[in-house]
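A short write-up of the structure that comes next.
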């Protein structure tokens, strides 16, 4: 009985001993009682037992002959199976171990693959890596052809585990090895190609991403694998997005949505809706972004895809923040990201908080949040979060009255953008950079340079259909014209910016433009229009205050509005 217990492991239960021993219950009770009396084993909480010292287990295990040891492992595996271990994520790895030691390699590899999938579903990447590694080791022991499918599955699992652990180079190695071994008619083939393309995309390598994702599309179409087809369409859309071809991304994502609805795949539709929401938030269509994010959350609520849920909450926060509903932003996204160690989102959260504080005019607190965001991005090596934090800090510097400092920081960022230091979406970073640079130049009295910068930013925003930045750069052009004494052209630019901001419901710009228009109308003797513009601005300000909800933050916002009004020389109301 001591030897059988030693084969189970240091900790064992009476039920497992009884099932594995193939003797009656009184015999097992008597033997276990004698081991307890001799203090060889001791009782644990919950009714389990363990050896009093691991050395005792080692001696007992070492005295078993190889044949009997293998027999005992098979008996224990059967006992675990009868106890439902293959359906228990906590025991499936243990079951696979006993299959290995019992000589049943086929069942062992199946068990490790199952354990690996369970670990990935629980966002336990390191545990998944261990199980898939064991599965691969077993397939490499015997005749390769007999384990060909299992070996491909193990390689696929290793790639996904490494991707989850953000080990991109290892993920690429395992996925490529799996693709090389997998026949095109194999059902895993389209999924392997998509996973390989997705990993290249995460590594900021657009050329191989596009080449391989198009191959994944062809393979998925050939096999009528609609789920992988939808994933590949969304990924191809993101490839177009990083080049600034947002209209093409919209087309591809909408095509993917049609497919998901045809197949009734709620998980895939939820993920695709989240991608669409993020795209709408990037272009400034905040109402559409809110709708897509809420739909994504509804669809993903019944799944175990916590990463997808965290992303959808993140999108919803961005979109609600753009509309001025700041209370809805980011808390749930951060909570889930922390729970599953999702650093790609976790690194963004401080930046998004910084952006929120910028929107309500609390630039000191925004600067603190953005500094925390920069530290997180550098700690976790997240390039996109780093550039976002650095750009936010430049905007903080401008708004805190340090335009020269902002220009110096922006010059360094421009050099790094030219070297492609921040991965994809160079257009996105540049359009933001040009806007902040134009603001800083205007504050320094460099009116013509500010105008040229705003024109460059507007051209880029027009080329990419980025409505928010179309509005921001037109407003900046209007301010440059105003500073140059060209009131009529300033009004024209401001009105165009106002129209775009109203269309996308971008609240910060809506009230600011109206307060800027009021003195311009007054200079031209159009007092009724001036008064109407100021009154409209105050109505929007009241809407924002109601949306903020928090009394302290509302007070900060009110103070910021009053300071803004004083700067543009407008009497409130």
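In the numbering used here, the protein residues as written are 1 to 573.
Just so it is clear, CB atoms sit at the ideal spot from N, CA and C, and this is done for glycine as well.
Counting along the chain, residue 51 sits inside the beta strand (DSSP E) bounded by residues 48-51.
Residue range 11-13 is occupied by the beta strand (DSSP E) that includes residue 12, with no alpha helix (DSSP H) assigned at that position.
Boundaries of the alpha helix (DSSP H) harbouring residue 290: 286-300, taken from the DSSP string. Taking a cut-off of 8 Å on C-beta distances, the stretch 356-369 does not touch the stretch 339-346, as fewer than three cross pairs fall below it. Around the beta carbon of residue 512, 16 or more other beta carbons sit within 10 angstroms, so the residue counts as buried.
For the stretch 151-229, the full-length alpha helix (DSSP H) segments reaching 4 residues or more read 168-181, 189-202, 206-223 along the chain. As for any alpha helix (DSSP H) of minimum length 4 sitting wholly inside the stretch 309-381, the runs are 331-339, 343-346, 349-359, 363-380, ordered along the chain. Look at residue 42 here: in three-state DSSP terms it is strand. Between the stretch 58-74 and the stretch 114-128, the count of Cβ pairs shorter than 8 Å is below three; the stretches do not touch. For residue 63, no alpha helix (DSSP H) encloses it, and the DSSP letter there is neither H nor E. The stretch 283-299 makes contact with the stretch 502-521: 3 or more CB pairs, one atom from each, lie closer than 8 Å. Counting of Cβ neighbours within 10 angstroms places residue 403 among the buried residues, the total reaching 16 or more. 7 Å or more divides the Cβ of residue 235 from the Cβ of residue 250. Nearest Cα to residue 398 within the set 18, 364, 376: 364. Nearest Cα to residue 2 within the set 60, 38, 125: 60.
The shortest CA-to-CA distance from residue 277 to any of 166, 313, 242 is the one to 313. Distances from the CA of residue 434 to each of 194, 392, 419 were compared; the closest alpha carbon is that of 392. By a beta-carbon distance limit of 8 Å, residue 219 contacts residue 189. Their separation comes to about 5 Å. The DSSP-derived three-state label of residue 465 is coil. A direct Cα-to-Cα measurement between residue 163 and residue 483 gives close to 52 Å.
In the three-state DSSP reduction, residue 243 falls in the coil class, being neither helix nor strand. In its chain, beyond the 5 residues on either side, 194 have a beta carbon closer than 6 Å to the beta carbon of residue 231.
Annotation note: the stretch 505-556 contains the following uninterrupted alpha helix (DSSP H) runs of length 4 or greater, listed N- to C-terminal: 507-523, 527-548. Taking every protein chain shown into account, the CB of residue 264 has fewer than 16 other CB atoms within 10 angstroms, so this residue is exposed. Below 8 Å, enough C-beta pairs join the stretch 160-177 and the stretch 127-140 to call them touching: three or more. For residue 147, the secondary structure class from DSSP, reduced to helix, strand or coil, is helix. From the listed residues 440, 472, 205, 10, the smallest Cα separation to residue 458 is found for 472. Straight through space, the alpha carbons of residue 247 and residue 373 are spaced by roughly 31 Å. Residue 402 sits in coil when the DSSP states are folded into three classes, being neither helix nor strand. Of the residues 252, 97, 567, 177, the one whose Cα lies closest to the Cα of residue 401 is 567. If you look at residue 278, you'll find it in the alpha helix (DSSP H) that goes 266-283. Contact between the stretch 42-53 and the stretch 3-13 is present, with at least three C-beta pairs closer than 8 Å. For residue 428, the uninterrupted alpha helix (DSSP H) segment begins and ends at 426-443. Note that the stretch 368-386 touches the stretch 343-356; at least 3 beta-carbon pairs, one per stretch, sit closer than 8 Å. DSSP places residue 91 outside any alpha helix (DSSP H), giving it a letter other than H or E.
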